[in-house]
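A.B. asks: Here the sequence shown is numbered in my numbering, starting from 13 and rising by one per residue.
Supplied in structure tokens, the structure appears directly below.
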Amino acid sequence: MFMNFVCEIGLKAQKEIETMMKNNSRTNDDNPQRIYKQFKISVVKHARDIIKKRAPKLETMIKRLTLAATEIQAEPAYETNTELQTESEAILDRIVDLERKRYQHIKEATSARYSLNAETLSKYWSAINKDKSPRDIIYSLRKPDSQAYVRRSDEMAELAKQYHDALQDLDTDTKEDNARESATTASLGNIQSRLDWADKALLTSSINKDDIKDALRRAQPGKACGLDGIPYELWKGLPSSDDNDDDNDSFDSLSLLKHVFNDIETFGTDSASGFAEGWMCPIYKKKDKRDISNYRPITVLNSDYKLYTRVLATKLGTLATKLIHPNQAGFIPGRHITDQTQICRTMVDYAEATEENEYEEVYAKATHCHACYSIWQ
């Protein structure tokens, strides 16, 4: 069975990592992240092999007959040989019969699923009543500062990559470094919020099984997979132990993830592990469809990466209310954006009374470095 295979290779990876940690033999070329990567590669490969073996017999038969008919029709004497033509027609008739059976099976399966899930609070019922809009196809993109266009998919992907890479360098002007550093120091000097030692200990503590279990419990099934193709459902279905001890002879998925996550926290992400890789999908917003800046990027990430970031977000969220001013409610656990309705009205009244309007996009002005320094302080 598939799950037995996953547990077998998972236990092997788990023991290998535990031995490495016990012997303190970690290196840049041999570490828990790379062992974990090989584990995922083996899981995905085995799953694909099973799918190929379990391909419906009707589809396999149709493909085989279609290939046979194509080979017969490719014969040089096909146009004049009645026997070949008769054989080809018989095969085509057989293909038609099999196609009818296949569509009948699909119809019956669809009807059964509809009878089971229709008019219930389910993802299926919500999706079936939505309009099936076609995907946005990007036929061409204009090169920056040029009237030339690229139409090849690989060239358009490279253009989009260069555009988003350039966005990360917008605030890296070395001429303004001194002024920016002075402004950052002055800004951070006004921060009065501080954490006590107990809160600091919580943030610096290592990730344990309970943290991962809680993140996995909150993970919603049916979400899109990342590049590795592994969904949340696999992690939910694997055996795990509630005990935070690692002394056992059976596979514990939480223990495996714990070792990998803590290795990332200690040594950073290994670029060869592919852990933080994602698939960026551009979604059209408005204006010219040939301008890459008019697309909003959405990145599809791996499920284990999202589990890791959820663990970190949960830790930060428990202390966010102690650090962040009550005026900010967005993305703060326990606060709601509707709490700020009265503040918005007060700001509008103030602007009208003073005839001043000094609102700006704060997120376009604050750099990543400023946010990191703020958290560190």
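A virtual CB, placed ideally from N, CA and C, is assigned to each residue, including glycine.
Just so you know, these numbers come straight off a predicted model, no measurement behind them.
What three-state label does DSSP hand cysteine 293 in the structure shown?
C.D. replies: Strand at cysteine 293.
A.B. asks: Specify the secondary structure class of threonine 311 as computed by DSSP and reduced to three states.
C.D. replies: Threonine 311: strand per DSSP, three-state reduction.
A.B. asks: Per DSSP, what are the beta-bridge partners of valine 18 in this structure?
C.D. replies: Its beta-bridge partners do not exist; DSSP assigns none.
A.B. asks: Based on Cα-Cα distance, which residue from Ala325, Ala178, Lys235 lies nearest to isoleucine 224?
C.D. replies: Residue Ala325 is the option with its Cα nearest to isoleucine 224.
A.B. asks: Tell me leucine 153's beta-bridge partners as DSSP assigns them.
C.D. replies: Per DSSP, Val162.
A.B. asks: With distances taken between CB atoms, is the gap from phenylalanine 287 to isoleucine 276 smaller than 8 Å?
C.D. replies: The answer is yes: Cβ separation under 8 Å.
A.B. asks: Quick one: using the 10 Å Cβ neighbour count with 16 as the cut-off for buried, is asparagine 14 buried or exposed?
C.D. replies: First, the residue type needs correcting, since residue 14 is phenylalanine and not asparagine in the sequence shown. Answer is exposed; the Cβ neighbour count stays below 16.
A.B. asks: What does the alpha-carbon distance come out to for the pair tyrosine 296 and phenylalanine 273?
C.D. replies: When rounded, the distance between both Cα atoms is 35 Å.
A.B. asks: Is it a yes or a no for the segment 167-174 touching the segment 143-157, going by three-plus beta-carbon pairs under 8 Å?
C.D. replies: Output reads yes: the segment 143-157 touches the segment 167-174.
A.B. asks: If we cut at 8 Å on Cβ distances, does alanine 86 have a partner in chain B?
C.D. replies: In the structure shown, chain B does not exist; there is a single protein chain.
A.B. asks: Would DSSP call threonine 39 helix, strand or coil?
C.D. replies: Threonine 39 falls in the coil class under three-state DSSP.
A.B. asks: If you drop the 5 nearest sequence neighbours on each side, which residues of the same chain put their C-beta closer than 7 Å to that of glycine 249?
C.D. replies: Taken in chain order, the residues that qualify are Met15.
A.B. asks: So which of Leu268, Ser100, Lys75 has the shortest CA-CA distance to glutamine 85?
C.D. replies: Measuring from the Cα of glutamine 85, the nearest candidate turns out to be Ser100.
A.B. asks: Taking just the CA atoms, how far does glutamate 30 sit from isoleucine 219?
C.D. replies: Rounded to whole angstroms, isoleucine 219 to glutamate 30 spans 16 Å at the Cα level.
A.B. asks: For alanine 121, count the other beta carbons within 10 Å of its own beta carbon; 16 or more makes it buried, fewer makes it exposed. Which is it?
C.D. replies: The residue is exposed, with fewer than 16 neighbouring Cβ atoms inside 10 Å.
A.B. asks: Relative to the alpha-carbon of alanine 213, which residue among Lys327, Gln354, Thr39 has its alpha-carbon at the smallest distance?
C.D. replies: Among Lys327, Gln354, Thr39, the Cα nearest to that of alanine 213 is on Lys327.
A.B. asks: Just verifying my parser: in three-state terms, what is the DSSP assignment at lysine 34?
C.D. replies: The answer is helix: DSSP assigns lysine 34 an H, G or I state.
A.B. asks: Look at glutamate 20 and isoleucine 47 and say whether their C-beta atoms are less than 8 Å apart.
C.D. replies: No. Outside cutoff.
A.B. asks: Contact defined as beta carbons within less than 8 Å: I believe glycine 238 pairs with asparagine 314. What is the distance between those atoms, to the nearest angstrom?
C.D. replies: Confirmed, Cβ separation roughly 3 Å.
A.B. asks: Using the Cβ count rule (16 or more neighbours within 10 Å means buried), how would you classify lysine 173?
C.D. replies: Lysine 173 is exposed by the Cβ-count criterion.
A.B. asks: Take aspartate 261 as the anchor and find which of Leu269, Lys270, Pro251 has the nearest alpha-carbon.
C.D. replies: For the residues Leu269, Lys270, Pro251, the minimum Cα distance to aspartate 261 belongs to Pro251.
A.B. asks: Measuring only the C-alpha atoms, how far is leucine 269 from phenylalanine 51?
C.D. replies: If I take the Cα positions, the gap works out to 12 Å.
A.B. asks: Counting pairs of Cβ atoms below 8 Å between the segment 358-370 and the segment 329-349, do you hit three or more?
C.D. replies: Taking 8 Å as the limit for Cβ pairs, the verdict is that the segment 329-349 does not touch the segment 358-370.
A.B. asks: Is the segment 240-249 touching the segment 191-203, taking contact as three or more C-beta pairs under 8 Å?
C.D. replies: No: fewer than three Cβ pairs fall under 8 Å.
A.B. asks: Buried or exposed for leucine 79, going by 16 or more other Cβ atoms inside 10 Å?
C.D. replies: Per the 10 Å Cβ criterion, exposed.
A.B. asks: Of all the options Glu91, Arg125, Arg76, Ala89, which has the alpha carbon lying nearest to the alpha carbon of leucine 110?
C.D. replies: For leucine 110, the nearest C-alpha among the options comes from Arg76.
A.B. asks: Buried or exposed for proline 294, going by 16 or more other Cβ atoms inside 10 Å?
C.D. replies: Under this definition proline 294 is a buried residue.
A.B. asks: To the nearest angstrom, how far is it from the Cα of arginine 60 to the Cα of tyrosine 161?
C.D. replies: Approximately 38 Å, taken between the alpha carbons.
A.B. asks: Report the three-state DSSP secondary structure of tyrosine 90 (helix, strand or coil).
C.D. replies: DSSP places tyrosine 90 in coil when its eight states are reduced to three.
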